[in-house]
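Numbering (UniProt numbering), first residue to last: 1 to 366.
Please read the structure below before turning to the comments.
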């Protein structure tokens, strides 16, 4: 039962409020100068309990530094590369700004101002990612009943600008492959299968099925802080990727009769490849090949975009491209490569014209 009791201090009479929390544990607050103050406080406690809005005062004093460190420690489900990005956002931008704040002291307007400040110096991607870390920490605080609502929710974020994709033609791909020297097969495989770098770095010879003309993608190798981490592909799902016949001799030569468990594209000492480094540790081989092939600057990931473009030009529909690239949904594929499917609208119009002409309905609708 809740109660109010008086007690004596050197400064005079004071009142203590005792009550039950929603979990039935005991709560108390002392120091009220008048019984009326104590009664009002007790009434507010009972109302907040009835509305499901009770927040423990001591819990709301926890700082973002404390809560953020605890939250980051729970993010073990993230892939190593993603965890590194999230940890950097916390360490470099969230904790320095908000770490000393009690969770209950953060205001919506302050978060909006912080986002605006970040937007003046950082890209939309970095701003959104950084904001997401703070918002996630505050979400946990809401669930733990430290605060009633998340002050980060409803904040206006900068819009991401769609990056211009670089699409190579068949001739450009083969010219680039020719300039890649011993990495010719690697360039061709990336350009015609759409594998991510981590997926092709983890690809083993046994995963290439020449009879079925499929590449089974089930592993991913990502370098974080100089260490290779093995795991599943980005969407955590394995997939089967079509293998064009013209790639067979290139991949057979690359396999070179080695055991099935060997990596198809190993590094200098048989280990996993590390991005676009040469055998001497330089990162220049891809840029050198681009320059020698007289192609515009691009990243190795742009070969994945090229694979999507070449597949669409060959007649692949959005669902086939989604399965090939391992996107979580066809909607994502359309969002990323909407420009590749613009011509489909013209094709629909042409086919409707042909269908109407074949039906000979002109006399029905003069």
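Built from N, CA and C at the ideal position, the CB exists for glycine as well.
Integer Cβ distance of residue i from residue j, believed to fall under 8 Å
i	j	result
residue 152	residue 111	5 Å
residue 213	residue 243	5 Å
residue 21	residue 53	About 13 Å; that fails the 8 Å criterion.
residue 300	residue 272	Going by Cβ atoms, the distance from residue 300 to residue 272 rounds to 15 Å, so no, they are not a contact pair.
residue 79	residue 222	7 Å
residue 50	residue 102	At roughly 26 Å, the Cβ-Cβ gap does not stay under 8 Å, so residue 50 and residue 102 are not in contact.
residue 264	residue 251	7 Å
residue 340	residue 312	5 Å
Within 8 Å, strictly: CB atoms of residue i and residue j
i	j	result
residue 303	residue 190	yes
residue 59	residue 143	no
residue 33	residue 16	no
residue 137	residue 64	yes
residue 308	residue 325	yes
residue 2	residue 42	yes
residue 180	residue 98	no
residue 220	residue 234	yes
residue 157	residue 290	no
residue 306	residue 318	no
residue 159	residue 124	yes
residue 115	residue 155	yes
residue 36	residue 28	no
Paired residues, beta bridge with residue i - DSSP
i	result
residue 28	18
residue 7	14
residue 231	220
residue 215	208, 241
residue 102	63
residue 371	The requested residue 371 is not part of the displayed model; the chain covers only 1 to 366.
Assigned exposure category for residue i - 16 Cβ within 10 Å defines buried
i	result
residue 11	exposed
residue 77	exposed
residue 118	buried
residue 207	buried
residue 93	buried
residue 239	buried
residue 281	For residue 281, the pLDDT reaches just 48, beneath the cut-off of 50, and the residue's location in the model is therefore unreliable, leaving the point undetermined.
residue 279	Only weak support exists for where residue 279 lies, its pLDDT of 49 falling under 50; the coordinates are left without a value.
residue 256	exposed
residue 7	exposed
residue 150	buried
residue 47	exposed
**Item:** Any 3 or more C-beta pairs closer than 8 Å across the region 54 to 74 and the region 117 to 137
**Value:** The region 54 to 74 is in contact with the region 117 to 137.
**Message:** Would the region 149 to 168 count as touching the region 177 to 190 if we require 3 or more Cβ pairs under 8 Å?
**Reply:** The region 149 to 168 is not in contact with the region 177 to 190.
**Message:** Does the region 237 to 254 come into contact with the region 192 to 203, if we say contact requires no fewer than three beta-carbon pairs (one atom in each stretch) closer than 8 Å?
**Reply:** Yes, since at least three Cβ pairs between the region 237 to 254 and the region 192 to 203 fall closer than 8 Å, the two stretches touch.
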